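Position in the sequence shown (from 1) plus 8 gives the number in my numbering.
A quick write-up on the structure given underneath.
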Amino acid sequence: MIILGTNSVKDTGYDVANSCRFNSGSSDSLTRTPSSASNRKTFTYSSWVKRSILTSGDQAIFNAHTDAPNQVDIYFTPTDIMQCTIRISNYAANLITNRKFRDVSAWYHIVLAVDTTQGTAANRMKLYVNGVQETSFSEAGYPNQNTDTAVNNTVQHRIGDSNLETFFNGYIAEAVLIDGQQLAPTDFGEFDEDSGIWK
């Protein structure tokens with residue numbers, strides 16, 4: 009896969025390490041189960057994604073899943089919005105965008121930064137797309153203070169799939185899970201000083 013600084017795919021540019029093509033028809037996904045639990049309150053997930061088709065089902069980007077209903081999900085819905093959910097046994101904290109993600113030629117850099125120890129609820133879960141924090145949501149609910157999430161627990165963590173149910177169609181590159189830090193998108197990318205495009 010080739011990505012240019014303009015976030016477009018062309019025949020020139022540079023190869024992107026750590027990238028995969030996902031096809032729901034083949035049930036493609038990557039999985040990892042940590043051998044021991046670490047910081048379940050504070051983490052950052054970052055990846056570049058490019059959708060290849062729009063479908064009538066959910067398309068999972070990232071999932072950490074214990075026994076239902078304890079899980080963390082990032083996915084596109086059938087209406088092409090993005091939803092981030094931290095589900096605990098008795099409630100769910102959701103960020104559901106108003107923005108739609110329908111451009112199958114575009115790369116989106118997604119960062120979900122979580123720190124449930126924060127005193128201000130809105131600081132406990134932040135979503136960034138292409139270097140800018142999303143602030144327009146149809147639903148904005150945040151985890152309770154000091155909530156232990158499924159992330160960094162000794163459970164299966166999946167990229168491109170949500171517990172063998174909602175597979176992603178497209179490309180995912182540079183998927184990173186940071187343990188114990190709530191980071192900003194500038195820890196993963198920058199705006200090009202000439203074009204102003206996030207890269």
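Each residue gets a CB set at the ideal place from its N, CA and C atoms; glycine is no exception.
Just so you know, these numbers come straight off a predicted model, no measurement behind them.
The Cβ-Cβ distance between Asn78 and Asn177 does not fall below 9 Å. Here Ser146 is exposed, its C-beta having fewer than 16 other C-beta atoms within 10 Å. A straight-line Cα-Cα distance of about 34 Å links Asn102 and Glu201. Non-local C-beta neighbours of Asn138 in its own chain, meaning closer than 7 Å and more than five positions away in sequence, comprise Tyr116, His117 and Trp206, ordered along the chain. Within the segment 24-89, the runs of beta strand (DSSP E) at least 3 residues long that lie entirely inside it are, in chain order, 27-30, 38-40, 50-59, 67-73 and 79-84. In the DSSP assignment, Gln91 is bridged to Tyr83 and Ile104. The shortest C-alpha to C-alpha distance from Gly197 to any of Gly188, Glu182 and Gln189 is the one to Glu182. The closest CA to that of Asp169, considering only Trp56, Asn26, Phe84 and Ala45, is found on Phe84. A direct Cα-Cα distance of roughly 7 Å separates Pro42 from Asn160. Shown here, Ala130 sits in a helix according to DSSP, grouped into three states. The three-state secondary structure of Asp195, taken from DSSP, is helix. In this structure, Ile180 lies near Ile167, with their beta-carbon atoms less than 9 Å apart.
The residue from Cys92, Arg40, Leu120 and Thr155 with its alpha-carbon nearest to that of Val140 is Leu120. Comparing alpha-carbon positions, the option among Ser113, Pro86, Thr124 and Ser27 lying closest to Gly188 turns out to be Thr124. Around the CB of Thr50, 16 or more other CB atoms lie within 10 Å, so the residue is classed as buried.
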